[in-house]
Amino acid sequence: MNPSVSLCLDGSLPAALHAGAVDLRGSARRSHSSSCEEGRPFSFNHALDSLSSCAASTDLKSGSCVHAAAIKRGFDADVIVGNTLLNFYSKCRRVVDAAKVFEYMPERTVVSWTSMMSAFCELGESDRVISMYRQMLQEVDSNEFSLSVLLKACARKGDPRLVESVHCCVVKGGHGMDGFLSNALVGAYAKSGCRLVAERLIGESEGGDVVSWTSLISRAVEEGEVETAMSYFFRMQEDGVAPNEITILSVLRACSLINGLLVFKWIQGLIMKVGWCLDDFVLNSLLEMYLVNGYFFEGMQIFCNYMFLGEDRYLQPETLAVILQGCCRSSFLELGKQMHCYLIKKKAFPSLVVQNSLINFYAENGHAHSALELFKRMPVKDIVSWNSIISCLARNGNYSEALLLFKKIHCNGGNEPSRPDFVTVLAMLQACSEMSSSQLGQMFHGYITKTGLVCDVFVQNSLIDMYGRTGRLDLAKSVFQDMQIKDLPSYNSLITALGINGAGPSALRAFDKLKELKTIQPNGVTFINVLSACGHAGMVEEGLRIFYSMKREYGVEPSMEHFACVVDLLARSGKLEEALAFIKVMPTVPGPTVWGALLGACAIHNRIDVAEESAKWLSLLDPQGKAWRVGMSNVYASVGRWEDSWKVRAELEEFDGKEAAWSSVAVRGEDVKFMVNDTKHPQSRRIYEVLTTLTNHVKL
């Protein structure tokens, strides 16, 4: 509350006057007190008009001065002025000040109590509202308005017994069941989980109005009862009740859960028919319904139509962000760039939601440089911005830049309002995995422990994965053993770590422990990891036994990845004919991953015939594929057919779009990069000597 008003309420009027609180020619003049401006006396009606005007404009400063002037004139003792003051402070969200006015009121009516209860209800203080209602009954009787506020508070608590008690008070007090009180009862019962009672009340009130029906529809959608929500909507229309904006928004949510294009078209046509097509909330919800559910073209068609009509000004930043996410999922790089230009033209910046989505868009399309430039130009950054750019750089191989940004956000000295969270840590652990830097990973492990993030199960799973990919099985096992809560991804991460490091028997033991648990069941990812572990360890019989037990014992339907793992399992061990026979009896058409697994093993065993068979199918299934062409070139090179090898390599140059592949390794803390067929590297001779040695070891 304004200090001068507090002084007046405490009886210190001279001090308040000294503070200038009652300067009617100053701030009170700005509170629409035209009479004071003209020199006329500050009357009772002027006080009411000024306070009402200040409440409507939420002008706290001017209203406080009018309050002080009212105290000086003695108007504050009047119950009407007191109620107006309660309304003013409530509208300004100064509930503490309103409570102080309420406390000093010499006389309080049901309007006073209802105003105070409503103020606390808006803050979510349901218990306080219920307590005040009991106190009110000791002074005055309740009315329809106080009961409606009480019902709203009871609905927020979600206790149907409280709603039933208030319902009894409504009936006992002889209050009518028409209008807003009936709507309040229906809404309270619906939000408390008693939709059948709410439905019965609508029938008793001769069909109900749009507020009652909307309460039922909204609650049904929140509970996931989509069909029930739609039936309510149809019954509402049959009763001749026209929907409003909130009804349409609830129906849009229901249609989004149904996820059917015909349903989407139906609700879109209805919106056009009833005239809600230009409502900003409805337009945004309609667009998001299409885009979030994967109907990108249909959503963009709506967007373009409104853009051509000049109605795209209604679009919210969240909706524009969803459009950018759709561009990411659909890999529409050029369309995303056009959206970027559109956003600049429409002056959609600065909007953190939009800018973060743009960073994500460029990251998903491999344009880390564009994402970084956009990040640098952002005037304000939140933790989502930092996480997006760090994840972007890490995913695109710019590990050094990602590490520098992490250091900046961690050591900024308070210049940024953000601090690393578990998402930041997950991105950096992924970077450590890609860099194969166990030393850097251990440093982050220490940081995670110090900041307390090590207790997060997602972080612990990422630590296991990172240590596994950097060859530190001892540390991966240690993290797993120290976990107080282990979920399925925890076991999957451990099995993967053991498998890629050749510890096949240990991976199977971890799988056996998982099977003994009653609360966790293996899924498709688990079997991919186990089969891969068997393949790396040459455990053919065990791998086949596990594969054939997937559907029989666990109900997991084999996917293309599982078939590829079995082919890799057989082919790695030299059983190329068995692998080829397995492919031919697959219940589904073999995909590129299956033939690619077979081709990859041919380089180890020098089987040109099988490799060429695989390449024939891959040329049909993945005509622009680069990975299998590199593999085929290596097979030709391994048997000395250099002309064929270079011929396949020449085909790679015909396909544009991606930069040349490169690798990196951390050597004594320095990130060293080298490209495919790199002969310009200063240590290229030494690199190829080591590569030849490693290749010979693999063949052995």
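In terms of the numbering used here, the sequence shown opens at residue 10 and continues consecutively.
Cβ coordinates follow ideal geometry from the N, Cα and C atoms, glycine included.
#1: Identify, in the order they occur along the chain, each residue of the same chain with its Cβ nearer than 7 Å to the Cβ of Met548, setting aside the five sequence neighbours on each side.
#2: Out of curiosity, what's the CA-to-CA distance linking Thr256 and Val172?
#3: Thinking C-beta only, is Ser654 closer than 8 Å to Ser642?
#4: Count the other CB atoms within 10 Å of the CB of Phe317; is the residue buried (16 or more) or exposed (fewer)?
#5: Between which residues of its own chain and Ser379 is the CB-CB distance below 7 Å, once the five residues before and five after are set aside?
#6: Can you name the start and end residues of the alpha helix (DSSP H) that Cys264 belongs to?
#7: To which residues of the same chain is Leu703 closer than 8 Å at the C-beta, ignoring the five residues directly before and after it?
#8: Does the separation of the CB atoms of Val75 and Leu95 fall below 8 Å?
#9: Which of the three DSSP states, helix, strand or coil, is assigned to Ser397?
#10: How is Gly544 classed by DSSP in three states: helix, strand or coil?
#11: Report yes or no: do three or more beta-carbon pairs, one from the segment 350 to 367 and one from the segment 383 to 394, lie closer than 8 Å?
#12: What is the rounded straight-line gap between the Cα of Glu662 and the Cα of Tyr476?
#13: Using DSSP with H/G/I as helix, E/B as strand and the rest coil, what is His349?
#14: Using only CA atoms, which one of Val250, Asn253, Ser259 and Leu352 lies nearest to Met239?
#15: Taking the alpha-carbon positions, what's the Leu261 to Ser446 distance?
#16: So the candidates are Met114, Ser155, Met145 and Val110; which of them puts its Cα closest to the Cα of Ser127?
#17: Nearest to Ala485 by CA position, among Lys459, Glu153 and Ala516, is which residue?
#18: Measure the alpha-carbon distance for Val710 versus Ser582 and round it to whole angstroms.
#19: Which residue comes first and which comes last in the alpha helix (DSSP H) that contains Met298?
#20: Taking only three categories from DSSP, how would you classify Glu234?
#21: Starting from Asp491 and walking both ways along the alpha helix (DSSP H), at which residues does that stretch end?
#22: For Glu254, which option in Gly233, Val291 and Asp218 has the closest C-alpha, if you only look at C-alpha atoms?
#23: Since Ser295 contacts Gln277 with CB under 8 Å, what's their CB separation in whole angstroms?
#24: To the nearest angstrom, how far is the alpha carbon of Leu497 from that of Gly335?
#25: Taking the alpha helix (DSSP H) that Thr505 falls in, what are its first and last residues?
#26: Do Leu607 and Trp637 have their C-beta atoms closer together than 8 Å?
#27: Could you tell me the distance, in whole angstroms, from the CA atom of Arg694 to the CA atom of Lys416?
#28: Let me confirm a value: Ala79 is counted as buried when at least 16 other C-beta atoms fall within 10 Å, else exposed. Which label applies?
#29: Return helix, strand or coil for Glu343, following the three-state DSSP convention.
#30: Among Glu232, Ser227, Cys264 and Asp218, whose alpha-carbon lies nearest the alpha-carbon of Glu247?
#31: DSSP three-state call for Ala30: helix, strand or coil?
#32: In chain order, what residues of the same chain lie with their CB nearer than 6 Å to the CB of Gly605, ignoring the 5 residues before and after it?
#33: Under 8 Å, do Arg209 and Ala229 count as touching if we go by C-beta distance?
#34: If I follow the unbroken alpha helix (DSSP H) through Thr123, where does it start and stop?
#35: Starting from Tyr456, follow the alpha helix (DSSP H) in both directions and report where the run begins and ends.
#36: Please state the DSSP three-state secondary structure of Gly212.
By the coordinates alone:
#1: Translated into the one-based positions of the sequence shown, residue 548 becomes position 539. Counting only Cβ-Cβ distances below 7 Å, and skipping sequence neighbours, we find Gly513.
#2: Looking up residue 256 in the sequence shown gives position 247. Looking up residue 172 in the sequence shown gives position 163. Between Thr256 and Val172, the C-alpha separation is close to 23 Å.
#3: As a working mapping, residue 642 is identified with position 633 in the sequence shown. As a working mapping, residue 654 is identified with position 645 in the sequence shown. Contact flag set, yes.
#4: Working through the sequence shown from its first residue, we reach residue 317 at position 308. The residue is exposed, with fewer than 16 neighbouring Cβ atoms inside 10 Å.
#5: Taking the sequence shown and counting its residues from 1, the one referred to as residue 379 is at position 370. The answer, listed in chain order, is Tyr371.
#6: Walking along the sequence shown from the start, residue 264 turns up at place 255. Note, Cys264: alpha helix (DSSP H), Glu254 to Ile267.
#7: Position 694 of the sequence shown, counted from the first residue, corresponds to residue 703. No residues qualify anywhere along the chain.
#8: Start at 1 with the first residue of the sequence shown, and residue 75 comes out as number 66. Start at 1 with the first residue of the sequence shown, and residue 95 comes out as number 86. For the 8 Å CB-CB criterion, Val75 and Leu95 do not form a contact.
#9: Residue numbering aside, residue 397 sits at position 388 when the sequence shown is read from its first letter. Note: Ser397 maps to helix in three-state DSSP.
#10: Working through the sequence shown from its first residue, we reach residue 544 at position 535. Looking at Gly544 - three-state DSSP - the assignment turns out to be helix.
#11: yes
#12: Here residue 662 refers to the residue found at position 653 when the sequence shown is read from its first residue. Here residue 476 refers to the residue found at position 467 when the sequence shown is read from its first residue. One C-alpha to the other measures close to 37 Å.
#13: Along the sequence shown, read from residue 1 onward, the residue named residue 349 stands at position 340. Correct three-state label for His349: helix.
#14: Position 230 of the sequence shown holds residue 239. With distances taken between Cα atoms, Met239 lies closest to Ser259.
#15: Taking the first residue of the sequence shown as 1, we reach residue 261 at position 252. Taking the first residue of the sequence shown as 1, we reach residue 446 at position 437. Rounded to the nearest angstrom, the two C-alpha atoms are 49 Å apart.
#16: Taking the sequence shown and counting its residues from 1, one reaches residue 127 at position 118. It is Ser155.
#17: Counting from one through the sequence shown, the residue named residue 485 turns up at place 476. Answer by Cα proximity: Ala516.
#18: For the chain, the structure presents residues 10 to 709; residue 710 sits outside this window and is missing.
#19: For this step, residue 298 is matched to residue 289 along the sequence shown. Per DSSP, Met298 belongs to the alpha helix (DSSP H) from Asp289 to Val301.
#20: As a working mapping, residue 234 is identified with position 225 in the sequence shown. Coil, per DSSP.
#21: Start at 1 with the first residue of the sequence shown, and residue 491 comes out as number 482. Unbroken alpha helix (DSSP H) run through Asp491: Leu482 to Asp491.
#22: As a position in the sequence shown, residue 254 is number 245, starting the count at 1. It is Val291 whose Cα lies nearest to the Cα of Glu254.
#23: Here residue 295 is taken as the residue at index 286 of the sequence shown, counted from 1. Here residue 277 is taken as the residue at index 268 of the sequence shown, counted from 1. The identity of residue 295 in the sequence shown is Leu, whereas the question assumes Ser. Correct: roughly 6 Å between the Cβ atoms.
#24: Reading the sequence shown from its first residue, position 488 is the one you call residue 497. Reading the sequence shown from its first residue, position 326 is the one you call residue 335. So the two alpha carbons sit approximately 30 Å from each other.
#25: What you label residue 505 is simply residue 496 of the sequence shown in a count that begins at 1. Run containing Thr505: Leu497 to Ile509, per the alpha helix (DSSP H) assignment.
#26: Counting from one through the sequence shown, the residue named residue 607 turns up at place 598. Counting from one through the sequence shown, the residue named residue 637 turns up at place 628. Going by C-beta atoms, Leu607 is not nearer than 8 Å to Trp637.
#27: Stepping through the sequence shown from its first residue, residue 694 is reached at position 685. Stepping through the sequence shown from its first residue, residue 416 is reached at position 407. One C-alpha to the other measures close to 35 Å.
#28: Looking up residue 79 in the sequence shown gives position 70. A residue is called buried once 16 or more other Cβ atoms fall within 10 Å of its Cβ, and Ala79 is buried on that count.
#29: For the purposes of this step, residue 343 is identified with residue 334 of the sequence shown, where counting begins at 1. It is helical.
#30: By one-based count along the sequence shown, residue 247 stands at place 238. Comparing Cα positions, the closest option is Asp218.
#31: As a first step, residue 30 is located in the sequence shown; it is residue number 21 there, counting from the start. Residue placement at Ala30 is flagged as unreliable, the pLDDT there being 37, under the threshold of 50; a coordinate-derived value is accordingly withheld.
#32: Position 596 of the sequence shown, counted from the start, is the residue given in the question as residue 605. Once the five neighbours on either side are set aside, the close Cβ partners of Gly605 are Trp637.
#33: Within the sequence shown, residue 209 is the residue found at index 200, counting from 1. Within the sequence shown, residue 229 is the residue found at index 220, counting from 1. Result no, Cβ atoms of Arg209 and Ala229 do not sit closer than 8 Å.
#34: On the sequence shown, position 114 is the one that residue 123 refers to. It spans Val119 to Glu131 - the alpha helix (DSSP H) in which Thr123 sits, taken as one unbroken run.
#35: Along the sequence shown, one-based indexing puts residue 456 at 447. For Tyr456, the uninterrupted alpha helix (DSSP H) segment begins and ends at Ser447 to Thr460.
#36: For the purposes of this step, residue 212 is identified with residue 203 of the sequence shown, where counting begins at 1. Reduced to three states, the DSSP call for Gly212 is helix.
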